[in-house]
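**Student:**
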Amino acid sequence: MRIVIRYNAERGFEDAALALARRFFARFDAAIDSLTLAPTAGVDLELFLDGRLLYAAGAGSRLLPPSDIVAALPGRVEPSPAPPRS
Numbered sequence: 001m002r003i004v005i006r007y008n009a010e011r012g013f014e015d016a017a018l019a020l021a022r023r024f025f026a027r028f029d030a031a032i033d034s035l036t037l038a039p040t041a042g043v044d045l046e047l048f049l050d051g052r053l054l055y056a057a058g059a060g061s062r063l064l065p066p067s068d069i070v071a072a073l074p075g076r077v078e079p080s081p082a083p084p085r086s
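Here the sequence shown is numbered in my numbering, starting from 1 and rising by one per residue.
#1: Compute the beta-carbon to beta-carbon distance between Arg6 and Ala38, rounded to the nearest angstrom, for a pair I have assumed lies under 8 Å.
#2: Please classify Pro79: is it buried, with 16 or more other beta-carbons within 10 angstroms of its beta-carbon, or exposed?
#3: Check this for me: beta carbons of Leu54 and Leu45, under 9 Å apart or not?
#4: Based on the DSSP output, what are the partners of Ser34 in its beta bridges?
#5: Following the continuous beta strand (DSSP E) through Phe48, name the residue where it begins and the one where it ends.
#6: Is Ala41 helix, strand or coil when you go by DSSP?
#7: List the whole-angstrom C-beta distance separating Ile69 from Leu18, where the pair is believed to meet the contact cut-off of C-beta under 8 Å.
#8: How many angstroms separate the CA atom of Asp29 from the CA atom of Ala16?
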């Protein structure tokens, strides 16, 4: 899976973008081919999965917690398998 998170640092969305990236790595580690954090002035926060816009937060919209955003992903996305126990 290819993930792009675009965020507006000047408007305070850098922490939200980082939290979202951490949530993706925690849940989908081995399934992630690439994860890009892209600062931009044009949007507040956008999430793209394999080139498709899945989430956008703009002026006046409620920013969802990262866990809610990841939980709402399409069903085809599966979490990484748990590492083998020693």
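Beta carbons: idealized from backbone N, C-alpha and C, even for Gly.
**Tutor:** For this structure:
#1: 5 Å
#2: Any reading at Pro79 needs caution, since the residue's pLDDT is 49, under 50, leaving its predicted position unreliable; the model's value is listed next. Only exposed fits Pro79, as fewer than 16 other CB atoms lie within 10 angstroms of its CB.
#3: Result no, Cβ atoms of Leu54 and Leu45 do not sit closer than 9 Å.
#4: Ser34 pairs with Arg2.
#5: 45-49
#6: coil
#7: With a Cβ gap of about 13 Å, Ile69 and Leu18 do not count as contacting.
#8: Rounded to the nearest angstrom, the two C-alpha atoms are 19 Å apart.
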